[in-house]
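Notes to accompany the following structure.
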Amino acid sequence: MLRYIGKRLLQMIPVVFGVVILVFTIMHFTPGDPARSILGEYAPQEAVDALHAEMGLDDPFLVQLGRYLYDMIFHFDLGDSYQTGRPVSSEILDRFPTTLQLAGISCIIMIVVGVILGIISAVRQYSLLDNICTVGGLLGVSTPNFWLAMMLSMLFALKLKWLPATGWYGPAYWILPSAAVGISNAATIMRVTRSSMLNVIRQDYIQTARAKGQSEMVVIFGHALKNASIPIITQVGISMGFLLTGSMVIEVVFAIPGLGRYVVEAIQNRDYIVVQGAVMFISVIMSLVNLVVDLIYAMVDPRVRVQYRKKKHKREEE
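310 is the number of the first residue of the sequence shown in the working numbering; add one for each residue after it.
This is the structure:
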């Protein structure tokens with residue numbers, strides 16, 4: 310298992326480098342002048358040219374790319390923000406805990422709501438409750454989370470005045486943003502759970518467990534859900550990436566001082582160095598999430614552990 314983890318960590322290196330080079334290239338050839346954005350539209354051209362030289366923007370593309378990669382590898386330096394002048398790494402680390410907290414709460418809502426409704430829908434197939442869950446899941450998948458966020462804000466913050474509309478200062482402020490992100494992703498989890506559970510509950514060993522007199526709760530949660538969990542875990546891992554990146558618009562809607570809002574503001578201000586650093590950071594987080602999902606496979610499904618042991622024994626025999 311340790312060999313596998315080390316192998317996956319090494320595989321992350323070309324992925325991260327590929328993402329960095331791709332994003333740097335896109336940002337470099339994107340129309341717009343960071344120096345002009347910093348100094349203002351009516352700044353004299355002499356001042357803009359001087360700032361170009363100071364920032365190294367007049368250097369060839371490969372020189373700028375090589376300098377960026379050198380600073381990132383050997384100094385862990387992602388550059389300084391064009392707008393604030395602060396190190397991008399510090400700005401990201403200051404804001405990421407807020408985004409991670411939003412993603413964590415949303416993930417709990419997504420898993421609890423999605424898995425429970427998916428199980429109920431599968432167990433009560435073709436019933437009225439199943440039809441309601443199916444229609445609700447279709448609407449949830451089709452509804453953009455930013456539209457749902459605005460509707461929840463208008464209803465519970467502006468009209469009913471039960472919850473605050475913006476900010477991230479305590480539990481009351483967490484409810485609407487987390488619900489907007491979690492509910493929209495819960496629809497996908499519900500559909501995957503329902504499909505996976507329907508494939509499992511028709512198997513012979515489920516009927517055998519019932520014939521032995523085991524309670525329905527033990528059959529559903531102890532046998533069916535455990536064997537149907539691999540597709541669910543896969544979808545949760547994929548959705549976790551969307552929670553980290555797809556919450557950008559939600560942070561803007563609710564004025565949450567997280568990483569997503571920081572990236573959106575950087576794009577608006579043409580602060581390309583921030584966008585590059587944030588995308589690289591998110592790519593590393595996504596790779597780590599995929600690694601954790603693979604490790605959870607081994608914990609949940611014994612067949613995966615056996616596969617690892619077979620590969621290990623085969624290498625030892627060779």
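Beta carbons are placed, not taken as given, at the ideal position from N, Cα and C, and that holds for glycine.
Following the continuous alpha helix (DSSP H) through residue i, name the residue where it begins and the one where it ends.
{"i": "Gly-445", "result": "437-451"}
{"i": "Arg-491", "result": "Correcting the residue identity first, residue 491 is Gly in this sequence and not Arg. Unbroken alpha helix (DSSP H) run through Gly-491: 480-510."}
{"i": "Arg-519", "result": "513-520"}
{"i": "Leu-469", "result": "No alpha helix (DSSP H) contains Leu-469, which DSSP labels as neither H nor E."}
{"i": "Ala-458", "result": "454-461"}
Let me make sure I understand the geometry here. Which of the options has the alpha-carbon closest to that of residue i?
{"i": "Pro-540", "options": "Ala-344, Leu-507, Gly-388 and Ala-520", "result": "Leu-507"}
{"i": "Thr-497", "options": "Tyr-606, Ile-576, Cys-416 and Tyr-514", "result": "Cys-416"}
{"i": "His-361", "options": "Tyr-391, Leu-378 and Gly-375", "result": "Tyr-391"}
{"i": "Phe-455", "options": "Val-561, Leu-472, Val-598 and Trp-471", "result": "Val-561"}
{"i": "Ser-538", "options": "Leu-411, Ile-414, Ile-605 and Glu-400", "result": "Ile-605"}
{"i": "Ala-587", "options": "Leu-600, Gly-567 and Met-460", "result": "Gly-567"}
{"i": "Trp-477", "options": "Arg-570, Asn-440 and Ser-596", "result": "Arg-570"}
{"i": "Val-583", "options": "Tyr-377, Arg-312 and Met-595", "result": "Tyr-377"}
{"i": "Thr-407", "options": "Pro-480, Asn-599 and Ala-520", "result": "Pro-480"}
{"i": "Gly-531", "options": "Ile-414, Val-609 and Glu-400", "result": "Val-609"}
{"i": "Phe-551", "options": "Gln-512, Ser-596, Ala-520 and Gly-522", "result": "Ser-596"}
{"i": "Ile-542", "options": "Met-419, Leu-374 and Ala-344", "result": "Met-419"}
{"i": "Asp-603", "options": "Ile-591, Ile-547, Val-527 and Tyr-351", "result": "Ile-547"}
{"i": "Ile-529", "options": "Gln-577, Thr-443 and Thr-502", "result": "Thr-502"}
{"i": "Ile-330", "options": "Leu-371, Ala-352 and Gln-354", "result": "Leu-371"}
{"i": "Asp-389", "options": "Gln-585, Leu-457 and Ile-591", "result": "Gln-585"}
{"i": "Phe-400", "options": "Lys-468, Leu-387, Gln-410 and Pro-369", "result": "It should be pointed out that residue 400 corresponds to Glu in this sequence rather than to Phe. Here the closest residue by C-alpha is Leu-387."}
Give the DSSP-derived three-state secondary structure of residue i in the structure shown.
{"i": "Asp-368", "result": "coil"}
{"i": "Asp-403", "result": "helix"}
{"i": "Pro-340", "result": "coil"}
{"i": "Asp-389", "result": "strand"}
{"i": "Pro-639", "result": "The shown model of the chain, from 310 to 627, leaves out residue 639, and the question about it has no answer."}
{"i": "Pro-396", "result": "strand"}
{"i": "Arg-312", "result": "helix"}
{"i": "Ala-362", "result": "helix"}
{"i": "Pro-353", "result": "coil"}
{"i": "Gly-433", "result": "The sequence given here has Arg at residue 433, not Gly. Of the three classes helix, strand and coil, the one that applies to Arg-433 here is coil, per DSSP."}
{"i": "Ala-412", "result": "helix"}
{"i": "Gly-427", "result": "helix"}
{"i": "Gly-476", "result": "coil"}
{"i": "Ala-607", "result": "helix"}
Taking all protein chains shown into account, do 16 or more other C-beta atoms lie within 10 angstroms of the C-beta of residue i, making it buried, or fewer, making it exposed?
{"i": "Met-463", "result": "exposed"}
{"i": "Thr-517", "result": "exposed"}
{"i": "Ile-510", "result": "buried"}
{"i": "Trp-483", "result": "buried"}
{"i": "Arg-433", "result": "exposed"}
{"i": "Asn-440", "result": "exposed"}
{"i": "Pro-486", "result": "buried"}
{"i": "Ser-524", "result": "exposed"}
{"i": "Arg-500", "result": "buried"}
{"i": "Asp-580", "result": "buried"}
{"i": "Thr-629", "result": "Nothing about residue 629 can be read from this structure; the chain reaches only from 310 to 627."}
{"i": "Thr-334", "result": "exposed"}
{"i": "Val-424", "result": "buried"}
{"i": "Glu-574", "result": "exposed"}
{"i": "Arg-395", "result": "exposed"}
{"i": "Ser-436", "result": "exposed"}
Beta carbon of residue i: closer than 7 Å to some heavy atom of the ligand ADP?
{"i": "Tyr-435", "result": "The model depicted lacks the ligand ADP and carries no ligand whatsoever."}
Counting only runs that start and end within the segment 550-594, where is the alpha helix (DSSP H) found for 4 or more residues in a row?
As far as the segment 550-594 is concerned, its whole alpha helix (DSSP H) runs of at least 4 residues are 557-562 and 568-577.
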